[in-house]
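Enquirer: My questions will all concern the structure given below.
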Amino acid sequence: MSRYRGERGNVAPLAVALCLVLVMTLGFLADCAVLYGAKARQEQALDAARSACMDAGQAASAKYGDDAGAVLADLIVDQVRAQGVEGAVSVWFYEAPARAVAESERMWVVGMQVEEAKALPFAVSSAPDAKVASSRVFSARPYAAQQVWRPDARICGVHRFGDGCGAGQGRFSAISALEGFPREIAEEAQARLGG
Numbered sequence: 413m414s415r416y417r418g419e420r421g422n423v424a425p426l427a428v429a430l431c432l433v434l435v436m437t438l439g440f441l442a443d444c445a446v447l448y449g450a451k452a453r454q455e456q457a458l459d460a461a462r463s464a465c466m467d468a469g470q471a472a473s474a475k476y477g478d479d480a481g482a483v484l485a486d487l488i489v490d491q492v493r494a495q496g497v498e499g500a501v502s503v504w505f506y507e508a509p510a511r512a513v514a515e516s517e518r519m520w521v522v523g524m525q526v527e528e529a530k531a532l533p534f535a536v537s538s539a540p541d542a543k544v545a546s547s548r549v550f551s552a553r554p555y556a557a558q559q560v561w562r563p564d565a566r567i568c569g570v571h572r573f574g575d576g577c578g579a580g581q582g583r584f585s586a587i588s589a590l591e592g593f594p595r596e597i598a599e600e601a602q603a604r605l606g607g
């Protein structure tokens with residue numbers, strides 16, 4: 413009596429395993445596409461927000477006002493929302509004190525961060541969402557033809573906007589020193605202040 417099963421019996425488990433690996437790989441690629449798309453939208457939104465902050469017409473109220481951080485934070489969150497990004501937005505703000513800059517200048521360092529939870533269509537049920545975050549840091553030294561108001565002491569803090577919150581709905585938390593900021597913002601502020 414022969415125990416020969418034929419080639420079909422040997423290849424079937426291999427074909428099933430190969431199909432499972434293929435399905436898992438395609439699912440992983442689909443999840444990566446969702447995350448990549450969210451990251452690209454966030455980065456485009458932050459670039460648009462940075463451009464809006466650098467536009468002289470839109471930033472004039474920040475330049476001449478006494479709460480530039482709040483004005484810029486509202487401008488940033490409006491731009492981010494206009495680009496279709498609904499996640500949480502944090503705007504880190506540092507303004508140099510009057511003694512650190514000329515009478516006709518103000519010096520700001522702004523850090524922007526967007527964080528969203530994205531549902532992954534092929535993720536396992538124990539972890540159906542993934543966090544996607546993007547950030548940008550920029551500094552500005554707006555100039556005016558005449559003397560502008562500048563704070564006597566530095567202004568440090570973060571404006572936080574929850575998912576879907578717009579301008580005027582942020583929460584401000586003061587930060588007492590540069591060490592309380594993310595490293596990139598602290599380094600940018602120290603570089604702009606010359607040490």
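Per our numbering, the sequence shown runs over residues 413 to 607.
The C-beta atom is built at its ideal place from N, Cα and C for all residues, glycine as well.
Keep in mind that this is a model prediction, so the values were computed, not measured.
(1) Residue 499 by DSSP, collapsed to three states: which one?
(2) Of all the CB atoms in chain B, is at least one closer than 8 Å to the CB of residue 432?
(3) With C-beta atoms as the reference, is residue 523 less than 8 Å away from residue 453?
(4) Residue ranges of each beta strand (DSSP E) run of no fewer than 3 residues wholly in the segment 518–583, ordered along the chain?
(5) Can you look up residue 515 in the DSSP assignment and give me helix, strand or coil?
(6) Below 8 Å on the Cβ atoms is my guess for residue 598 versus residue 590; work out the distance and round it to an integer in Å.
(7) Let me check understanding here. Comparing Cα to Cα, which of 526, 504, 533, 531 lies closest to residue 520?
(8) Ignore the nearest five residues each way along the sequence and tell me which others in residue 464's own chain have a CB closer than 6 Å to its CB.
(9) To the nearest whole angstrom, what separates the beta carbons of residue 571 and residue 550, a pair I think is in contact under 8 Å?
(10) Per DSSP, what kind of secondary structure is residue 593 in: helix, strand or coil?
(11) Measure the CB-CB distance between residue 474 and residue 480 and report whether it falls below 8 Å.
(12) Among 434, 444, 433, 424, which has the Cα closest to the Cα of residue 543?
(13) If contact is defined by three or more beta carbon pairs under 8 Å, each pair taking one atom from either stretch, is the segment 498–513 in contact with the segment 562–581?
(14) Does the distance from the C-beta atom of residue 446 to that of residue 532 stay below 8 Å?
(15) Would the beta-carbon of residue 528 fall within 8 Å of that of residue 450?
(16) What are the start and end residues of the alpha helix (DSSP H) that includes residue 490?
(17) Cutting at 8 Å between CB atoms, please list the residues of its own chain near residue 586, excluding the five before and the five after it.
Expert: Per the coordinate set shown:
(1) coil
(2) The structure shown contains no chain B; it holds only a single protein chain.
(3) It is not a contact, given that the beta carbons lie outside the stated cut-off.
(4) Unbroken beta strand (DSSP E) runs of no fewer than 3 residues, entirely contained in the segment 518–583, are found at 520–531, 541–552, 567–573, following chain order.
(5) coil
(6) Separation of the CB atoms of residue 598 and residue 590 is rounded to 4 Å, and the pair is thereby assigned contact status at 8 Å.
(7) That would be 504, whose Cα lies nearest to the Cα of residue 520.
(8) 470, 487, 491
(9) The pair is not a contact, with the Cβ atoms about 15 Å apart (cut-off 8 Å).
(10) In the three-state DSSP reduction, residue 593 falls in the coil class, being neither helix nor strand.
(11) yes
(12) 444
(13) yes
(14) yes
(15) Closer than 8 Å, so yes.
(16) 480–494
(17) 568, 569
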